């Protein structure tokens, strides 16, 4: 099977799954604990015959995704906490399930220039700005609105928020369509700005709290990636993945090459890099596929974004107790953050992240779940 044929088949599968599924999804809203200001956080549960997904308005984050394995056993396949207090009490952020922004990933030294004006985002990661600065979208209380098959989260990020220009209005729609979770992002601004929004869910297809993801098999639809410096800022042009531990064009166990003597692996403590996806920016395409041999679960990620940040959970250290009461150790989950490239505002050769008044930023990512044959 050629890569092109496989991509077309997967995209066709995702489209087919979508038809006729909306009416079968139920949406309920419940309390999810107390926020720091004393108000009650909301939890929206989206449920159909194939998936059950919980979303909170704190950080517009995915709290849980429950899906079946090859034997029909249901498990939660994302890392998270039982109540909102788990997220608000983190001293070192994991960003479990959150929508991160206004600029997901890193901006070098937190600085960028737009329209001749230099902007400064407060630094919060090795002298750089990560995921929108120390108080990004992940810490905000979004406004939730129930939809026929999901929920829409809305946030107004005011001009000057974390140093970014412009009043930015963001809408994130989560909808279930058969065995697929669709995430649709839109944003508008009243002043030239930069924006790069993504979801930061950590997946473990054996089930959260079940151990590491090192044995899960990953495929990435990319022949190039962005090498980084010691601060995890891209060095510049993409590099070929050929003959490197970064070649996931064929299914490969995540832990198979992590012990190699490779400078890029040493810098990140594993994988924490952006891959350049094959296909056009703005058009739906295959980003990644994860297969768990132990349970048979398969996650297929499709997106309109030009890149995907694959992060192997390198900074989890066993100090966080998750949904099932088990500590999340290193490599307990993996992230596949579909997005524009890190530090794009400072790299003119990268796809632009600029957004101007009158324009609408629109992006879609779909997480589709399936199983292998019994």
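Residue numbers (this note's numbering): 36 to 409.
No residue lacks a Cβ here, since even glycine has one placed at the ideal position from N, Cα and C.
Just so it is clear, the structure is predicted and the values come from calculations on it, not from any experiment.
By the DSSP assignment, the beta strand (DSSP E) with residue 298 in it spans what residues? As a working mapping, residue 298 is identified with position 263 in the chain shown. From DSSP, residue 298 is part of no beta strand (DSSP E) but of the alpha helix (DSSP H) over 298-303.
CA-to-CA distance, residue 229 to residue 183, given in whole angstroms: Working through the chain shown from its first residue, we reach residue 183 at position 148. Working through the chain shown from its first residue, we reach residue 229 at position 194. The straight-line gap from Cα to Cα measures roughly 32 Å.
Please state whether DSSP places residue 116 in a helix, a strand or coil. Position 81 of the chain shown, counting from 1, holds the residue named residue 116. Note: residue 116 maps to coil in three-state DSSP.
Could you check the C-alpha separation between residue 279 and residue 311 for me, to the nearest Å? Locating residue 279 in the chain shown gives position 244, where the first residue counts as 1. Locating residue 311 in the chain shown gives position 276, where the first residue counts as 1. Rounded to whole angstroms, residue 279 to residue 311 spans 15 Å at the Cα level.
Mark residue 264 as exposed unless 16 or more other C-beta atoms lie within 10 angstroms of its C-beta, in which case mark it buried. Against the chain shown, residue 264 aligns to sequence position 229. With fewer than 16 other Cβ atoms within 10 Å, it is exposed.
Can you list, in chain order, the residues of its chain whose CB lies under 8 Å from that of residue 150, leaving out five sequence neighbours each side? Taking the chain shown and counting its residues from 1, one reaches residue 150 at position 115. Here the set comprises 227.
Entirely within the segment 311-392 and at least 3 residues each: give me those beta strand (DSSP E) ranges in chain order. 320-326, 332-338, 342-346, 370-374
Residue 282 versus residue 244: straight-line alpha-carbon distance, rounded: The residue labelled residue 282 in the question sits at position 247 within the chain shown. The residue labelled residue 244 in the question sits at position 209 within the chain shown. Roughly 28 Å separates the two Cα atoms.
Taking only the alpha-carbon atoms, compute the straight-line gap between residue 120 and residue 68 and give it to the nearest angstrom. Your numbering for residue 120 matches position 85 in the chain shown. Your numbering for residue 68 matches position 33 in the chain shown. The straight-line gap from Cα to Cα measures roughly 7 Å.
Determine the closest residue to residue 405 out of 102, 73, 80, with distance taken between C-alpha atoms. Residue 405 sits at position 370 when you count from the first residue of the chain shown. Answer by Cα proximity: 102.
From 289, 62, 389, 367, residue whose alpha carbon lies closest to that of residue 252: The residue you call residue 252 lines up with position 217 of the chain shown. Considering only alpha carbons, the answer is 289.
Please name the residue, chosen from 305, 370, 294, that lies closest to residue 325 on a Cα-to-Cα basis. Numbered from its first residue, the chain shown carries residue 325 at position 290. Out of 305, 370, 294, 370 has the C-alpha closest to the C-alpha of residue 325.
If you measure between the beta carbons of residue 392 and residue 224, is that distance less than 8 Å? Position 357 of the chain shown holds residue 392. Position 189 of the chain shown holds residue 224. The answer is yes: Cβ separation under 8 Å.
Would you be able to state if there are at least three C-beta pairs under 8 Å between the segment 364-382 and the segment 173-182? no
Touching or not, the segment 105-114 and the segment 139-158, by the rule of three or more beta carbon pairs under 8 Å? no
Taking the Cβ atom as the reference point for each residue, do residue 96 and residue 134 lie within a distance shorter than 8 Å? The count along the chain shown starts at 1 and reaches residue 96 at position 61. The count along the chain shown starts at 1 and reaches residue 134 at position 99. In contact: residue 96 and residue 134 (Cβ atoms closer than 8 Å).
Please state if the CB of residue 215 and the CB of residue 256 are separated by a distance shorter than 8 Å. Taking the first residue of the chain shown as position 1, residue 256 is located at position 221. Taking the first residue of the chain shown as position 1, residue 215 is located at position 180. No. Outside cutoff.
Is it buried or exposed, residue 61, if we count other Cβ atoms within 10 angstroms and call 16 or more buried? Sequence index remark: in the chain shown, residue 61 carries index 26 (1-based). Burial call: exposed.
Suppose you measure from the CA of residue 304 to the CA of residue 382; what does that come to, to the nearest Å? Reading the chain shown from its first residue, position 269 is the one you call residue 304. Reading the chain shown from its first residue, position 347 is the one you call residue 382. C-alpha separation (whole angstroms): 25 Å.
For residue 398, which option in 124, 234, 195, 385 has the closest C-alpha, if you only look at C-alpha atoms? As a working note, residue 398 is residue 363 in the chain shown. Ranking 124, 234, 195, 385 by Cα distance to residue 398 puts 234 first.
Closest by CA to residue 242, which one among 313, 187, 333, 343? Numbered from 1 along the chain shown, position 207 holds the residue referred to as residue 242. Selected option, being the one with the closest Cα: 333.
Out of curiosity, what's the CA-to-CA distance linking residue 172 and residue 82? Counting from 1 along the chain shown, the entry for residue 172 is found at position 137. Counting from 1 along the chain shown, the entry for residue 82 is found at position 47. C-alpha separation (whole angstroms): 25 Å.
Does the Cβ of residue 401 have 16 or more other Cβ atoms within 10 Å, making it buried, or fewer, making it exposed? Start at 1 with the first residue of the chain shown, and residue 401 comes out as number 366. By the 10 Å Cβ count, residue 401 comes out buried.
Residue 56 to residue 335, Cα distance in whole Å? Translated into the one-based positions of the chain shown, residue 56 becomes position 21. Translated into the one-based positions of the chain shown, residue 335 becomes position 300. Reliability fails at residue 56, whose pLDDT of 43 lies under 50, so the model's placement of it is uncertain and no value is given.
Can you round the beta-carbon distance between residue 200 and residue 154 to whole angstroms, since I take them to be within the 8 Å contact cut? Residue numbering aside, residue 200 sits at position 165 when the chain shown is read from its first letter. Residue numbering aside, residue 154 sits at position 119 when the chain shown is read from its first letter. Yes, they are in contact, since the Cβ atoms of residue 200 and residue 154 sit about 6 Å apart, within 8 Å.
For residue 89 and residue 99, which I take to be in contact (beta-carbon distance under 8 Å), what is that distance rounded to the nearest angstrom? On the chain shown, residue 89 is found 54 positions in, with the first residue counted as 1. On the chain shown, residue 99 is found 64 positions in, with the first residue counted as 1. Right, the Cβ-Cβ distance comes to about 4 Å (below 8 Å), so this counts as a contact.
Taking a contact to mean a Cβ-Cβ separation below 8 Å, would you say residue 197 touches residue 167 in this structure? Residue mapping note: residue 197 aligns to position 162 of the chain shown, counting from 1. Residue mapping note: residue 167 aligns to position 132 of the chain shown, counting from 1. Yes. Within cutoff.
Neighbour-count burial assignment, residue 296, 16 or more Cβ in a 10 Å radius: For the purposes of this step, residue 296 is taken as residue 261 along the chain shown, with counting starting at 1. Label assigned to residue 296: exposed.
Does the separation of the CB atoms of residue 9 and residue 330 fall below 8 Å? Missing from the structure shown is residue 9; the chain here goes from 36 to 409 and no further.
Tell me residue 219's beta-bridge partners as DSSP assigns them. Here residue 219 corresponds to residue number 184 of the chain shown, with the count starting at 1. Paired residue(s): 208, 399.
Nearest candidate by alpha-carbon position, reference residue 175, set 186, 358, 70, 317: Working through the chain shown from its first residue, we reach residue 175 at position 140. Checked all of 186, 358, 70, 317; the closest Cα to residue 175 is 70.
Every unbroken beta strand (DSSP E) within the segment 50-95, with a cutoff of 3 residues, ordered by chain: 61-69, 75-82, 87-91
Which of helix, strand or coil DSSP assigns to residue 122: For the purposes of this step, residue 122 is taken as residue 87 along the chain shown, with counting starting at 1. It is helical.
How many angstroms separate the CA atom of residue 73 from the CA atom of residue 152? The residue labelled residue 73 in the question sits at position 38 within the chain shown. The residue labelled residue 152 in the question sits at position 117 within the chain shown. About 39 Å.
So what does DSSP say about residue 179, is it helix, strand or coil? By one-based count along the chain shown, residue 179 stands at place 144. In this structure, residue 179 counts as strand in the three-state DSSP scheme.
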